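Chemist:
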Amino acid sequence: MHALVERSALLISSTSFGGIHTSVDRRARWGDAVSDGFARISLGIEDIDDLIGDVEQALG
């Protein structure tokens, strides 16, 4: 997940508290049974096409 956030221009690594910015977090930090490689993305108010493009380039 850290590499994804580093390569992204729009993702912020944090738990979502209902803010307006897109964030990503790794729930396993709190003991949830989540497999490695999974993260939770909470979408903000950014343009959806910008978000899709940003995540695609960060994953590529």
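Numbered by numbering that gives the first Met the number 0, the letters in the sequence shown go through residues 0 to 59 in order. For glycine and all other residues, C-beta sits at the position ideal for the given N, C-alpha and C. None of the values given here were measured: they were computed from a predicted structure.
Does the distance from the CB of Ala8 to the CB of Asp53 come in under 8 Å?
Modeler: Their beta carbons are under 8 Å apart, which means Ala8 touches Asp53 by this criterion.
Chemist: Cα-Cα, which of Ile44, Ile19, Phe37 is closest to Val2?
Modeler: Reading the sequence as shown, one finds Ala at residue 2 and not Val. For the residues Ile44, Ile19, Phe37, the minimum Cα distance to Ala2 belongs to Phe37.
Chemist: Short of 8 Å in beta carbon distance, which residues of its chain neighbour Gly18, apart from the five on each side in sequence? Order them along the chain.
Modeler: Once the five neighbours on either side are set aside, the close Cβ partners of Gly18 are Gly43.
Chemist: Along the chain, where does the alpha helix (DSSP H) containing Asp53 start, and where does it finish?
Modeler: Segment 47-58, the alpha helix (DSSP H) holding Asp53.
Chemist: Terminal residues of the continuous alpha helix (DSSP H) containing Arg6?
Modeler: Start and end: 1-6.
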